[in-house]
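Inspection log for the structure reproduced underneath, given as structure tokens.
Residue numbers (our numbering): 164 to 305.
Right, dumping it as structure tokens:
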């Protein structure tokens with residue numbers, strides 16, 4: 164990313180598939196967004212599972228992309244990343260899941276439920292990784 168900013172005199176809009184730190188060019192810090200499937204796929208899976216959809220359609224993929232596009236920070240500041248921060252992934256995934264679930268219902272590939280029920284299913288199905296504390300126990304002799 165640093166070379167791209169240098170080659171374009173700071174005019175490039177940069178997103179990479181892997182994480183990169185911010186880049187300094189001409190005394191300004193440019194945030195480099197990470198652009199890969201980590202933004203879209205969790206929400207698609209969560210939406211399909213929560214709506215109990217029997218298939219994934221092109222329209223579901225399109226609404227996932229459009230929902231992410233709506234969450235892009237609006238800014239004319241070229242130093243700001245072009246995608247929301249990955250720290251917002253939980254909220255992004257839930258919003259994409261809801262949009263995907265509604266399309267699945269509209270297309271007839273999922274059970275018809277209210278918006279509130281779908282949101283409830285999304286909350287119940289959302290998984291957060293947690294590291295539980297374990298305590299060592301004595302091993303039994305064989």
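Beta carbons: idealized from backbone N, C-alpha and C, even for Gly. As the structure is a prediction and not an experimental result, all values here were calculated from the model.
Minimum Cα-Cα distance from residue 191 among the listed residues 200, 197 and 172 corresponds to 172. Rounded to whole angstroms, the gap between the alpha carbons of residue 209 and residue 305 is 44 Å.
In the DSSP assignment, residue 232 forms no beta bridge with any residue. Short of 8 Å from the beta carbon of residue 222, and not among the five residues preceding or following it, lie these beta carbons of its own chain, in chain order: 266 and 270.
Cβ-Cβ distances below 8 Å link residue 197 to 178, 179, 180, 181, 182, 183, 246 and 249 in the same chain, with the five nearest sequence neighbours on each side left out; the list follows chain order. Rounded to whole angstroms, the separation of the alpha carbons of residue 277 and residue 297 is 41 Å. In terms of Cα proximity to residue 213, the closest of 259, 225, 302 and 292 is 259. In the displayed model, residue 256 falls within a helix according to three-state DSSP.
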